[in-house]
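Residue numbers (UniProt numbering): 1 to 586.
Here the structure is laid out as structure tokens; the discussion comes afterwards.
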Amino acid sequence: TQFHGSEGKEAATKKIDDDEKIIKENRDDRISITWRGDCEMFAISFLGANGRMFKVFNKEGVLQFTSEKTVGLESLIAWRPSGLWLAIPQQLTQNNKYAIALFEKNGLRHREILLPFQKESNGSSEKVMGLEWSSDSDILFVHTATVLNSSGSACSRLYLYCISNYHWYLKQMLEFSQCPISTLQWDTTLGEGKTLHMTLKDGTLATYKWEFTVNHSWGQNDADESNVAVIDGNKILLTNFRGTVMPPPMCGIEIPLTDPALYVNQVGFLKCVNTDTGDSNQMFAVDTADNLSLYQLNYWTVGSGIDGAVHRLQSVDIIAKYHLDDDNYSNLPLAKCHWQWLDRDSFICTESTMENIGSRILLWRVVDEKLQIVDELNVQGIIGYLSAASAMQIVFQIITESIWRLTIDKGHKLRLLQDSLDSYHLPEIYDKIEATIIADDNCTSHVFALKAKQILYHNEHKVATGVTSFFITNKYLMYTTLVHLHFVMLTSSSLKSEVICERRLERGSKLVLVVPNDSKTVLQLPRGNLEVLHPRVLLLDIISTHLNKKQYRKAFDMLRKQRINLNLLVDHNPDVFLADIDYLYS
Numbered sequence: 001t002q003f004h005g006s007e008g009k010e011a012a013t014k015k016i017d018d019d020e021k022i023i024k025e026n027r028d029d030r031i032s033i034t035w036r037g038d039c040e041m042f043a044i045s046f047l048g049a050n051g052r053m054f055k056v057f058n059k060e061g062v063l064q065f066t067s068e069k070t071v072g073l074e075s076l077i078a079w080r081p082s083g084l085w086l087a088i089p090q091q092l093t094q095n096n097k098y099a100i101a102l103f104e105k106n107g108l109r110h111r112e113i114l115l116p117f118q119k120e121s122n123g124s125s126e127k128v129m130g131l132e133w134s135s136d137s138d139i140l141f142v143h144t145a146t147v148l149n150s151s152g153s154a155c156s157r158l159y160l161y162c163i164s165n166y167h168w169y170l171k172q173m174l175e176f177s178q179c180p181i182s183t184l185q186w187d188t189t190l191g192e193g194k195t196l197h198m199t200l201k202d203g204t205l206a207t208y209k210w211e212f213t214v215n216h217s218w219g220q221n222d223a224d225e226s227n228v229a230v231i232d233g234n235k236i237l238l239t240n241f242r243g244t245v246m247p248p249p250m251c252g253i254e255i256p257l258t259d260p261a262l263y264v265n266q267v268g269f270l271k272c273v274n275t276d277t278g279d280s281n282q283m284f285a286v287d288t289a290d291n292l293s294l295y296q297l298n299y300w301t302v303g304s305g306i307d308g309a310v311h312r313l314q315s316v317d318i319i320a321k322y323h324l325d326d327d328n329y330s331n332l333p334l335a336k337c338h339w340q341w342l343d344r345d346s347f348i349c350t351e352s353t354m355e356n357i358g359s360r361i362l363l364w365r366v367v368d369e370k371l372q373i374v375d376e377l378n379v380q381g382i383i384g385y386l387s388a389a390s391a392m393q394i395v396f397q398i399i400t401e402s403i404w405r406l407t408i409d410k411g412h413k414l415r416l417l418q419d420s421l422d423s424y425h426l427p428e429i430y431d432k433i434e435a436t437i438i439a440d441d442n443c444t445s446h447v448f449a450l451k452a453k454q455i456l457y458h459n460e461h462k463v464a465t466g467v468t469s470f471f472i473t474n475k476y477l478m479y480t481t482l483v484h485l486h487f488v489m490l491t492s493s494s495l496k497s498e499v500i501c502e503r504r505l506e507r508g509s510k511l512v513l514v515v516p517n518d519s520k521t522v523l524q525l526p527r528g529n530l531e532v533l534h535p536r537v538l539l540l541d542i543i544s545t546h547l548n549k550k551q552y553r554k555a556f557d558m559l560r561k562q563r564i565n566l567n568l569l570v571d572h573n574p575d576v577f578l579a580d581i582d583y584l585y586s
């Protein structure tokens, strides 16, 4: 006998009837072909006798695998270049959801990416029109066409997905409402895997380039909680790494947008907090409707005592919300990018013009409770990166391989520095640029740049090759290679770039952040998990600071916890230690 549940034997036949109904509704005779990245195998999606299916062949045309029977599949199919998954749109029968089904090459369904919309909902429809992986296998774009039945208007949307630790993040949503997308194509040039070319219905050719970055807080004192923000659709995932370490997709707190129909496109933290009113635990976010929201992060204390207290994220308050009004606004999504929150009332961003002959650098300030453009600077060429060394010093890169500096005067005016010392050429376009003020040179901003070919530069001078990530602290330039973490003393002279310390890492680890005034160093492994290290060079710096301040108890606890020779208490400064013997025993 078989148990059919409370609905009886009719439940089994009902599911079959539902499946046949979906097959008829989604009947599509189109045939799609996709190749694996190494061109050793290809897959064909077609409509079989029992619905949509696909078969996998080798390059000689010999059948290798046939997919399992799956209801609701559509004709599009895209094979990840690395060869891991085949992506196919699917309408799920159980919960009326729309998803991207992921199959292994043997035809077995592995997992799915739930899309943030339904195929038919509230009088409107949205259908997947395109599906393609980036050439480096990091990004999957989902191109959809939306039709509003009430108005009859149509628009195109582009969803960008990335995976980390087996969780799919919706990193960007671009809506082309005025002119729909005609064609899309990822760049296949080496090192340009995250560059997307598209043409619109009006003939416009647009190019977008993305790079992965870590959005973290910028404070340099104990008050900074080392917050990291991660974009995931219409919410922001926040974790304060000073108090806790959570591997993705876990987080300390989730911040949803006030309007669930909007998506987060950019996020960042207050950059320059040298003023008395600055708080590095403040964050901003820009959504798809060009709203800029400011958030204050709140914490609660776990444990007791000064040494044992740990802060955890408790809540987030919206302290302000502004709409970005611009008479010269570009119709393309993400035209305004590279946002930096300079101080309490100032923001800066860049905007590319439609003619591709130049860019605008826009300085925004809060005036009469509105965010307004107070100055703008037109530059020749397209800006590829912008970084703020301080609230008054900005560095930006033109994609023609030149680095420029500009300043913001007390009248809130942008001034481009034209001197030859304030601009220089770099060999290539860089994936990450960070400007900083070095302690022994407070007048000039220094630029550290890392390009796709894994070469790290300090201004125009090469620091190292084979670099996968870097992070700048008050005292050190830290960078990772394939299996090592290196430390370079941070000085104004580019010629003094000798490695003073290094240690082995798990293969492929990359720096996420280093907690200010602490030795806690967070790295991310290739799959997405996190690892926390306490490098010896950072520990010795902190212990030295405690001993100089005669905080022997803190130094002793750290030495014992990290298993460092206790003789360092004496060897650091024997005369001072012997003079403080009575103090130690009191």
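Ideal Cβ positions, reconstructed from N, Cα and C, are used throughout, including at glycine.
What is the DSSP secondary structure of Y166, counted as helix, strand or coil?
-> Coil.
In the DSSP assignment, find the alpha helix (DSSP H) that holds P89 and state where it starts and stops.
-> Counting along the chain, P89 falls outside any alpha helix (DSSP H), though it belongs to the beta strand (DSSP E) covering 86 to 91.
Take S420 and list the residues in its own chain whose beta-carbon comes closer than 8 Å to its own, dropping the five residues that flank it on each side.
-> Bear in mind that a pLDDT of 49 at S420, under 50, signals an unreliable position, so the number given afterwards is only what the model happens to contain. Cβ contact annotation for S420 (same chain, cutoff 8 Å, sequence separation greater than five): none.
If you run the structure through DSSP and keep just helix, strand and coil, what is F577?
-> Of the three classes helix, strand and coil, the one that applies to F577 here is helix, per DSSP.
In terms of DSSP beta bridges, what is H484 paired with?
-> Answer is R504.
Let me know the beta strand (DSSP E) ranges lying completely inside the segment 388 to 415, each 3 residues or longer, listed in chain order.
-> Entirely contained in the segment 388 to 415, the beta strand (DSSP E) runs reaching 3 residues are, in chain order, 393 to 398, 402 to 408.
Residues in its own chain within less than 7 Å of H412 by CB, not counting five upstream and five downstream?
-> Apart from the 5 residues on each side of it in sequence, H412 sits with its Cβ closer than 7 Å to the Cβ of L363, R365, V374, D375 in its chain, given in chain order.
Could you check how far apart the C-beta atoms of H534 and K520 are, in whole angstroms? I think they sit under 8 Å.
-> For a cut-off of 8 Å, the C-beta gap from H534 to K520 is around 7 Å, short enough to register as a contact.
Pick from M53, V515, L505, Y322 that is closest to K475, judged by C-alpha positions = It is V515.
Excluding the five sequence neighbours on either side, which residues of its own chain have a C-beta within less than 7 Å of the C-beta of E175, listed in chain order?
-> The beta carbon of E175 sits closer than 7 Å to those of C155, R157, T288, P333, all from its chain and outside the five residues before and after it, given in chain order.
Option nearest residue 631 by Cα separation, candidates L525, F269, I438, E211 | Since the first residue shown for the chain is 1 and the last is 586, residue 631 is missing from the structure and cannot be characterised.
Between the Cα of T473 and those of F103, T144, W218, spot the shortest distance and give me the residue it belongs to.
-> Nearest option by C-alpha distance: W218.
Answer with buried or exposed for M250, where buried requires no fewer than 16 other C-beta atoms within 10 angstroms of its C-beta.
-> For M250, the number of other beta carbons within 10 angstroms of its own is below 16, and it is reported as exposed.
If you drop the 5 nearest sequence neighbours on each side, which residues of the same chain put their C-beta closer than 8 Å to that of Y295?
-> Shown here for Y295: same chain residues with a beta carbon closer than 8 Å to its own, the five before and five after excluded, namely I255, Q282, M283, F284, A285, V316, D317, I318, I319 in chain order.
DSSP bridge partner residues for F42 (one or two, in chain order) = DSSP output for F42 lists W35, F57 as bridge partner(s).
When we look at the beta-carbon of C272 and count the other beta-carbons within 10 Å, is it buried (16 or more) or exposed?
-> Buried.
Three-state secondary structure (DSSP) of M561 = It is worth fixing the name first, because residue 561 is Lys in this sequence and not Met. Three-state result, K561: helix.
Cβ distance (whole Å) where V228 is taken to contact F241 below 8 Å = The distance from the Cβ of V228 to that of F241 is about 6 Å, consistent with a contact at the 8 Å cut-off.
What's the C-alpha gap between R405 and D138?
-> Straight through space, the alpha carbons of D138 and R405 are spaced by roughly 32 Å.
Return the bridge partner residues of H311 from the DSSP annotation.
-> In the DSSP output, where bridge partners are listed per residue, H311 has T301.
Counting along the chain, where does the alpha helix (DSSP H) carrying R536 start and finish?
-> Unbroken alpha helix (DSSP H) run through R536: 536 to 548.
Residue range of the beta strand (DSSP E) that includes D343 = Boundaries of the beta strand (DSSP E) harbouring D343: 336 to 343, taken from the DSSP string.
Can E120 and A99 be called in contact, C-beta distance under 8 Å?
-> Going by C-beta atoms, E120 is not nearer than 8 Å to A99.
Test item: CB-CB of W186 and S124 under 8 Å = Not closer than 8 Å, so no.
Leaving out five residues on either side along the sequence, give the residues of the same chain with a beta carbon under 6 Å from the beta carbon of D343.
-> The answer, listed in chain order, is C272, A391.
What whole-angstrom Cβ distance do T188 and M198 have, given they're in contact under 8 Å?
-> Not a contact, Cβ separation roughly 15 Å.
Pairwise C-alpha distance: S82 and T491 | Each residue's Cα considered, the two are about 41 Å apart.
What are the boundary residues of the beta strand (DSSP E) that includes L102?
-> Taken as a continuous stretch (DSSP letters only), the beta strand (DSSP E) holding L102 covers 98 to 103.
Which of helix, strand or coil DSSP assigns to R111 = Under the three-state reduction of DSSP output, R111 falls in the strand class.
Continuous alpha helix (DSSP H) stretch holding D29: start and end = For D29, there is no enclosing alpha helix (DSSP H), as DSSP marks it with neither H nor E.
Residues sharing a beta bridge with K533, DSSP | Note on identity: in this sequence residue 533 is Leu, with Lys being the wrong assignment. BP columns for L533 point to T521.
How many Å lie between R52 and T258 at the Cα?
-> Just so you know, the alpha carbons of R52 and T258 end up roughly 39 Å apart.
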